[in-house]
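Anchor point for the sequence shown: position 86 equals 1010 in this note's numbering, and the numbering is continuous, going up by one each time.
Glycine included, C-beta positions come from ideal geometry on N, C-alpha and C.
Computed from a prediction, not measured in an experiment: that's the story for all the values here.
Below: the structure, in structure tokens.
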Amino acid sequence: MKTDSVVKERYAAANAGEPALCCPVEYDGRYLKPIPREVIDRDYGCGDPSRYLREGETVLDLGSGTGKICFIASQLVGPKGKVIGVDMTDDMLKVARRNAPVVAENIGFGNVEFRKGRIQDLGLDLELLDAELKKRPITNAASFLAADEPAEELRVKRPLVASDSVDVVVSNCVLNLVNEREKARLFQEIFRVLRRGGRAVISDIVSDEPVPEAMRNDPELWSGCISGALTEEAFLQAFADAGFYGMEWLKFETEPWRTVEGIEFRSVTVQAWKGKQGPCHEHRQAVVYRGPFKETLDDDGHRYPRGQRIAVCDKTFRLLQNAPYADAFVFLEPHEAVPSEEAAPFDCRRAVKRSPRETKGADYSATTEATECREGGCC
Ligand SMILES: C[S@@+](CC[C@H](N)C(=O)[O-])C[C@H]1O[C@@H](n2cnc3c(N)ncnc32)[C@H](O)[C@@H]1O
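Laid out in structure tokens, this is it:
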């Protein structure tokens, strides 16, 4: 099925607040006030990823539609932050671009721009490609095949969204609209554009069972966010396959939004992080999983039994100190730091206990007076 054209036609023709294209979402009213009515009326979202944004962040909204999430994000990240919306449908971009100066005027600063592209190919600026193809129109098989050259050149020299350039990728009810064959590439593109330590916060529709072939081939169900929905498990796995870690449901509606032929479709918001890749070095650090579960497992396969000092490499030690894990662990540094130039490679494939002797040093034999307890007097 030609999913892109089906989706474009449907959203170009959509009327204000068409119920089959969205499920009711409650946005924070404070941030809706400066946004013109024609943007809010064409709300086709199913969640609100913007509520997880912070001041100063650079945000990319995939499938930005008429711009509602971008305009909310704009206020949340403030004048030091930046927001980029990407959409492939001209009619949506037109409404979003028309309203950007209006919102900027209402809030006192402008930090939003809208770019034309397909979210599974965030390297390719479709407006720049349009300009290139005007110079060399496609008239036969040879020019059709040659059209790939300027596209490839644009991806490299003038990418729509550069690699490692974004703090947070958000999206509201769009990933399901990308066809099955290009889904893996979509998740790889989200990973590519995020900086190390960045995160994806995605609201979308997922199904509790796989969507059968007949339903997947129904264009009406496609553009209505049903047919392309991944199962709950496949959605999380797609992030893992692209290299993300720390996936977590920030929202999981227990009530389905729609049920079709017994399959439940519900709205979820997931968060996933970039930054677990890289070399592992031994700095004699240990972490202790605080509980309450008997043990826990991270996305690199490290197992942390509750209460045990587990040896980790410096990269994992730092990763666990930040969101989303920080509160789950105690962090133990060696008494004598290991300088980077002396740190040996660390075999991260297995979890082993770290002897306290390794942390303190084999010759450690100090005897000390009781230290003062932080919470006021131990014994
Ligand atoms: C369900 S609407 C959601 C719009 C917006 N996020 C909101 O919350 O109202 C889907 C939007 O994604 C766009 N879209 C769908 N597939 C796309 C793709 N592959 N690349 C870029 N935009 C896409 C459509 O043009 C439409 O504007």
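Span of the beta strand (DSSP E) around residue i
i: Met-1171; result: 1169 to 1176
i: Phe-1270; result: Where Phe-1270 is concerned, there is no enclosing beta strand (DSSP E), given that its DSSP letter is neither H nor E.
i: Tyr-955; result: Run containing Tyr-955: none in the beta strand (DSSP E); it sits in the alpha helix (DSSP H), 953 to 956.
i: Thr-1220; result: 1219 to 1221
i: Ile-1126; result: 1118 to 1131
i: Ala-1196; result: 1187 to 1197
i: Arg-1039; result: 1036 to 1040
i: Ile-959; result: Element bounds for Ile-959: n/a, residue is neither H nor E.
i: Leu-1000; result: Not the beta strand (DSSP E): Leu-1000 falls in the alpha helix (DSSP H), residues 992 to 1001.
i: Arg-1182; result: 1182 to 1184
i: Lys-1006; result: 1006 to 1011
i: Asp-1091; result: 1090 to 1096
Residue span of the alpha helix (DSSP H) that contains residue i, given as start and end
i: Lys-1018; result: 1014 to 1031
i: Val-983; result: Taken as a continuous stretch (DSSP letters only), Val-983 belongs to no alpha helix (DSSP H), being part of the beta strand (DSSP E) at 982 to 986.
i: Ser-974; result: Here Ser-974 belongs to no alpha helix (DSSP H), and DSSP marks it neither H nor E.
i: Val-1080; result: 1072 to 1081
Residue i versus the options, residue with shortest Cα-Cα distance
i: Ile-1114; options: Cys-1097, Glu-1293, Cys-970 and Phe-1163; result: Phe-1163
i: Lys-1006; options: Glu-1219, Gly-980 and Asp-967; result: Gly-980
i: Glu-933; options: His-1226, Arg-961, Met-1016 and Ala-1055; result: Met-1016
i: Pro-1003; options: Val-983, Asn-1035 and Val-1010; result: Asn-1035
i: Val-1211; options: Tyr-1249, Phe-995, Trp-1197 and Gly-969; result: Tyr-1249
i: Val-1254; options: Phe-1033, Asn-1246 and Pro-1083; result: Asn-1246
i: Tyr-1288; options: Cys-1237, Glu-1296, Lys-992 and Ser-1279; result: Ser-1279
i: Asp-1223; options: Arg-1182, Val-931, Glu-1156 and Arg-1273; result: Arg-1273
i: Val-922; options: Phe-1270, Ala-1235, Lys-1018 and Gln-1232; result: Because the chain in this structure spans residues 925 to 1303, residue 922 falls outside the shown range and cannot be described.
For residue i, the residue or residues it bridges with in DSSP
i: Thr-1063; result: Per DSSP, none; premise fails for Thr-1063.
i: Glu-1113; result: According to DSSP, Glu-1113 bridges with nothing at all.
i: Gln-890; result: With the chain running from 925 to 1303 in the structure shown, residue 890 is simply not present.
i: Tyr-1228; result: Thr-1220
i: Asp-1045; result: Arg-1042
For residue j and residue i, the rounded distance between their alpha carbons
i: Glu-1106; j: Asp-967; result: 25 Å
i: Gln-1201; j: Leu-1256; result: 22 Å
i: Pro-960; j: Val-1027; result: 7 Å
i: Lys-1081; j: Arg-1123; result: 25 Å
i: Glu-1077; j: Gln-999; result: 35 Å
i: Glu-1185; j: Cys-970; result: 21 Å
i: Ser-974; j: Val-1135; result: 29 Å
i: Glu-1282; j: Arg-1208; result: 7 Å
i: Arg-1021; j: Asp-1238; result: 46 Å
i: Thr-1178; j: Val-1192; result: 9 Å
i: Asn-1064; j: Lys-1175; result: 50 Å
i: Arg-1230; j: Lys-1218; result: 5 Å
i: Pro-1263; j: Ala-1286; result: 18 Å
Contact with chain C by residue i, beta-carbon distance below 9 Å
i: Asp-1091; result: Structure shown: chain C not included; a single protein chain is present.
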